[in-house]
Amino acid sequence: MFLTEYFRTVYKGVRSLLTGMKTTGYYFTHARKEIKTEEYPDNRATLTMFDRFKGEVVMPHDENNEHRCTGCQACEIACPNGTIKIITKQEPQPDGKKKKAIDTFVYHLELCTMCNLCVVACPSDAIKMAQTFEHSVYDKKQLKKVLNKPGSKIMEGVE
Ligand code: SF4
Ligand code: SF4
Numbered sequence: 003m004f005l006t007e008y009f010r011t012v013y014k015g016v017r018s019l020l021t022g023m024k025t026t027g028y029y030f031t032h033a034r035k036e037i038k039t040e041e042y043p044d045n046r047a048t049l050t051m052f053d054r055f056k057g058e059v060v061m062p063h064d065e066n067n068e069h070r071c072t073g074c075q076a077c078e079i080a081c082p083n084g085t086i087k088i089i090t091k092q093e094p095q096p097d098g099k100k101k102k103a104i105d106t107f108v109y110h111l112e113l114c115t116m117c118n119l120c121v122v123a124c125p126s127d128a129i130k131m132a133q134t135f136e137h138s139v140y141d142k143k144q145l146k147k148v149l150n151k152p153g154s155k156i157m158e159g160v161e
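Residue 3 is where the sequence shown starts when you use our numbering, and the numbers rise one by one after that.
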């Protein structure tokens with residue numbers, strides 16, 4: 003009785019092992035070309051992420067240190083978890099009037115879920131998702147970023 007139970011347990015164990023090995027063997031011999039192991043970080047210099055990968059929100063600036071952000075706050079409102087804080091200011095115009103403008107675009111990377119809703123909500127195409135992904139830091143305060151660069155201003159013609 004005891005021996006029968008023993009051999010049954012051994013049989014079940016071996017069968018389970020072979021079932022697993024059969025699956026492994028199948029993928030070993032039928033691996034699709036797109037399934038590959040990235041040798042990260044050794045391949046850091048040549049690594050390209052897939053098109054839809056989203057790593058963080060960034061605000062592109064041109065060679066004149068100009069961006070497209072009007073400070074409208076649509077991205078801040080669209081963000082579901084308070085990742086963005088837009089601080090605005092009143093900028094004097096040539097005609098003597100004042101106009102709302104971005105002062106500081108605060109982005110909390112540590113809160114961001116990369117949902118892309120802020121990018122979709124922006125009427126000026128001022129922000130986009132970058133493919134950077136090496137965000138590890140020892141102090142999460144370092145993940146609080148200001149996206150508009152020091153001394154930058156809005157591009158002419160963007161309202
Ligand atoms: S990607 Fe999503 S979570 Fe991140 S800042 Fe934009 S709206 Fe917020
Ligand atoms: S990034 Fe776009 S949506 Fe956000 S404040 Fe600037 S212009 Fe408005």
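Idealized CB from N, CA, C, for every residue including glycine.
Sheet register partners of residue i (DSSP bridge)
i	result
I104	T90
K155	E68
K146	H110
E58	A132
Through-space distance from residue j to residue i, alpha-carbon basis
i	j	result
N67	T26	53 angstroms
K91	T106	9 angstroms
E58	C74	20 angstroms
R10	Q144	58 angstroms
A47	F135	14 angstroms
C77	E41	36 angstroms
I89	T39	43 angstroms
D53	V121	16 angstroms
A103	G159	14 angstroms
M131	C114	11 angstroms
H137	E112	9 angstroms
Y13	Y28	22 angstroms
G98	N45	55 angstroms
L20	M51	36 angstroms
S18	T6	18 angstroms
P43	Y8	47 angstroms
K101	D141	37 angstroms
A123	P82	12 angstroms
Identity of the residue in the options nearest residue i by Cα
i	options	result
Q95	S18, I156 and P82	I156
I86	L119, A47 and M51	L119
M61	A47, E158, E161 and S154	S154
P125	E93, A80 and L20	A80
Q133	N83, L49 and E65	L49
Residue i vs residue j beta-carbon contact at 8 angstroms
i	j	result
R70	A128	yes
M180	K56	Past the edges of the chain, shown from 3 to 161, lies residue 180, and the structure says nothing about it.
T72	E161	yes
V148	V108	yes
Residue i Cβ short of 7 angstroms to ligand 3 heavy atom set
i	result
A123	Only ligand 1 and ligand 2 can be found as ligands here, which leaves ligand 3 out of the picture.
Cβ-Cβ separation, residue j to residue i (assumed contact under 8 angstroms), whole Å
i	j	result
F110	K151	The sequence given here places His at residue 110; Phe does not occur at that position. So it is not a contact: roughly 18 angstroms between Cβ atoms.
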